[in-house]
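The structure appears below as structure tokens.
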Amino acid sequence: MRKAFQHLYSGPVLRIRPFYLPGFECTPDHSVFASIGGGRVTKVEAQKLRVGDFLAVPLPKSGREDPLDIEKLLRSENQPSYRRGGDLQIVHGRVRRSAERGLGVPALLHITPRVARLFGYYCAEGSLAWAQRRPNSGSVWFSFGASEETRIREVEKILRDVFGVRPHRVQQKNRIAVIAPGAGLAKIFHRSCGDSSATKRVPDFILQSTNRRVLKAFLAGYLNGDGYVTKGKGGFVLGSTSVSPVLTYGVAQILLTLGDVPRVYRSHNDPHYEIEGRTVNRSDDYMMRLLVDEVEVTPQEIEWQASGARVVRRNGHLLIPIREISHVDYVGPVYNIEVDGDHSYTANFMAVANCQNADISQRRKVEGIEVEPQDVVRMTLEQGCQGLAYTYNQPTIFIEFARDIGMLARKAGLINIFVSNGYDTPETVAEMPKFLDCVTVDFKGSGETNFVRKYINIPNAEPIFQTLLDTRDTKKIHIEITDLIVPQVGDDLNAARKLSKWVYDNLGPDTPIHFLRFHPDYKMMEFPWTPVETLEKHCAVAKEEGLKYVYIGNVSGHRLENTYCPGCGAIAIKRYGFDITGWYLDKDNKCKQCGYRLAIFGRLERTAKENRFYSVLYHR
């Protein structure tokens, strides 16, 4: 997830309940992926759905089954100081901390059915133990009934064969604990599965797998520990219960990937109950139940034949019929979520769509609150922000209002930034130095004439270039360039080279340029996502033309999100999406590696790691 926006909403909300799975609530105009009357899956406004239509549960596409990079996982572990035990070392394919005893753990872990089964056992029966004064004394515990000798031996053998550890047993009343020592091993399970009954989860590498043997092996381990089989009407019920909703939903997701649809429930329990004269707290239970005609569970595997369900399988989706739709009046916060990838996500397993600029621009109802310039400045200061960015809609449309806000903001010590299409009049540019500190000018398709004529409906991009020259000549406004690269029609490398050369010649080599990934939406659904390789080629062209600060946008985690030192090539500022995750400049914004002074203005604020999105609607 990249961003989450909260805003106040007053109006109807739909509660949509399918068969078998939990439903969700949304505003009537939110788009979901659905099949109307059994037709093809399309993006549909929720208010157009009817009982009997189908919600789409996406099935994962097959992909590579890469080994788990244990070294990377351990390096990313955020440890309290008392658990730091020296630097990580790799010796003979195994990774360990220098202060850790033993041989460590494999640097790469291949996710075989046996490994998956062990993680399933941990999610059901596992826990972690740490000694506060001994940084490398972690251990993984598996708890079994005294009569479960076959399962105990199975876990012990996997631990020895895969991780090379020597587990031992401890008798606990009518239970037996299998204990596997090693801080590295404990951290693997902690990062992958959580460390308490309330926070347990199915590991990501299991959820992302499409290997049926691996998925069924995980279920074998988990259901051997926390599962049950009961007699049902005309068959059996294969089920599990957990206080962790994430774990139960993860188990259900595995079954959906395998093509079977479980029932998922939440049992609302009394928060307190008495046991042996003591009052204890109790959490709600989250239950998964799969109706099966046949089932067989052994310590090594699980097999079942699911009973029939009202489900249609079509083109990479499971189509679940809608059972009930209700309307309620609602006043309160609602959320817009933006994610990486194809800008869709799942809500309780169902595919729904992002809210994007197209959604905002085409809304018939204008949402928000009326504010005066002084209100905007006050809210900005109260939240400890550095400044204001004026973005969608095009800020020069409301230039007088932006100027009034900006002049007050500047007096209050705030910075002002425009995100603009650059299609401005000289009169507008003349107003900008009164308050504006920075402008990012958005090109589309590198400003290539045929593209802007067809898709932006302007004769050419010359007025944008003139705006940039006029802005440059004020000598008061920092300029950055973004360029949306649209595949097939707006991705010409020669156009990108021409734009980059113009920027170098007219704005200087220190001017940042960002090549943005296009995603299909609204009236441009026929185009694919911009291939990352295409964006990388555009960056290479810009660097060849002499630009020093070249970036890729809308591809979270890509190395070209970072700022690199032009002097030595070291990472100067590390980023992930909109977040700064590393700052390697000194107090004068010089590279700590070579001393090169970067064209960076300002310092990293202490608020950089705080919540970046705040609803102004509660701040009247």
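To convert a position in the sequence shown, counted from 1, into the numbering used here, add 54. We treat Cβ as the ideally placed atom computed from N, Cα and C, and that holds for glycine.
Where are the beta strand (DSSP E) runs, 3 residues long or more, that stay fully inside the stretch 249-277, in chain order? none
Tell me which same chain residues have a C-beta within less than 7 Å of the C-beta of Gln448, skipping the five on either side of it? Ser474 and Asn475
Coil, strand or helix - Phe290 by DSSP: strand
Return helix, strand or coil for Met404, following the three-state DSSP convention. strand
Identity of the residues DSSP links to His326 by a beta bridge: Asn335
DSSP has Tyr399 in a bridge; who is on the other side? Val406
Select from Glu125, Thr528 and Lys508 the residue whose C-alpha is nearest the C-alpha of Val683. With the chain represented from 55 up to 674, any question about residue 683 goes unanswered, as that position is not in the structure.
So, helix, strand or coil for Lys227, using DSSP? The answer is coil: DSSP assigns Lys227 none of H, G, I, E or B.
Rounded to whole angstroms, what is the Cα-Cα separation between Val604 and Ala596? 7 Å
Name the two residues that bound the continuous beta strand (DSSP E) containing Asn470. Ile469 to Ser474
Can you check DSSP and say which residues form a bridge with Leu345? Val291
Cβ shell of Val406 (< 6 Å), same chain only, five flanking positions each side left out: Correct list, in chain order: Val86.
Sub-9 Å separation of Cys731 and Asp339 beta-carbons: Residue 731 is absent from the model: the chain starts at 55 and stops at 674.
Tell me whether Trp583 sits in a helix, a strand or coil according to DSSP, three-state version. coil
Which of helix, strand or coil does DSSP assign to Tyr389? strand
On the criterion of 16 or more Cβ atoms from any shown chain inside 10 Å, does Pro566 qualify as buried, or is it exposed? Buried is the call here.
Alpha carbon of Lys663 to alpha carbon of Ile356, nearest angstrom: 45 Å
Tell me which residues share the same chain as Lys644 and place their Cβ nearer than 6 Å to its Cβ, disregarding the 5 neighbours each side in the sequence. Excluding residues within five positions, the ones whose Cβ falls inside 6 Å are Arg651.
Reducing DSSP to helix, strand and coil, say where Tyr282 ends up. strand
Which class does Thr81 belong to by DSSP, given the choice of helix, strand or coil? coil
So Cys492 is in the beta strand (DSSP E); what residue range does that whole segment cover? Cys492 to Lys498
Have a look at Arg69 and His381 and give me their C-alpha separation to the nearest angstrom. 6 Å
Grab the span of the alpha helix (DSSP H) containing Pro449 for me, first residue to last. Segment: none, Pro449 is in no alpha helix (DSSP H) and carries neither H nor E.
Short of 8 Å in beta carbon distance, which residues of its chain neighbour Ile453, apart from the five on each side in sequence? Order them along the chain. Contacts found: Thr482 and Glu485.
Could you tell me the boundaries of the alpha helix (DSSP H) in which Ala550 lies? Leu547 to Asn560
Taking the alpha-carbon positions, what's the Phe78 to Asn323 distance? 21 Å
Whole angstroms are fine: how far does the CA of Pro221 sit from the CA of Ile654? 54 Å
Closest Cα partner of Ala161 within the set Gly218, Glu202 and Phe497: Minimum Cα distance to Ala161 is reached at Gly218.
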